[in-house]
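Asker: Quick one: the structure is below, and I'll ask about it shortly.
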Amino acid sequence: MEESLDIFYQLKENSDGFFGNNLMNGIARTNIARISIALGNFEDALAVLEKYSNDEDAYTHELKGDALSGVGNDDLALQQYQSAFEKYKDNGLRNLVELKINNLNTNE
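Here our numbering = 1-based position in the sequence shown + 73.
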């Protein structure tokens, strides 16, 4: 996973900036966050997703929720999961996020 992470960081750097490619940059950032969360590097995931603080994408909200939950900020994680739940159209994905919401609510 570390090698994949390095490749996505290179893609992020190469696609950033004024002449960059926003689509490729978003793909790189999303995958960096995903891998970072899997490795337990929640702060790294939050840092790379910071650019998308007002993003309309449900998956970005879900990733932010995962990272925030990982650092123990359950209140903000819950807000991100609720945003993801509202934005997802697919019932399977909504069910997955609902499980995460319920898990946070039972930990309180």
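Yeah, the Cβ is synthetic: ideal placement off N, Cα and C, and Gly gets one too. For clarity, every value in this text was computed on a predicted model and none was experimentally measured.
What distance in whole Å lies between the Cβ atoms of L151 and K137, which are believed to be in contact at a cut-off of 8 Å?
Answerer: So it is not a contact: roughly 11 Å between Cβ atoms.
Asker: Going by C-alpha distance, which of R102, A140, G99 is nearest A111?
Answerer: A140
Asker: Give me, in chain order, the residues of the same chain whose beta-carbon lies closer than 6 Å to that of V144; leave out the 5 immediate sequence neighbours on both sides.
Answerer: So the list reads F115, once near-sequence residues are dropped.
Asker: Could you check what DSSP says for N114 in three-state terms: helix, strand or coil?
Answerer: coil
Asker: Sort N164, I105, T179 by Cα distance to D148 and report the nearest one.
Answerer: T179
Asker: Going by other Cβ atoms of all chains shown within 10 Å of its Cβ, with 16 needed for buried, is K85 buried or exposed?
Answerer: buried
Asker: Work out the CA separation of A101 and D128 for me, nearest whole Å.
Answerer: 15 Å
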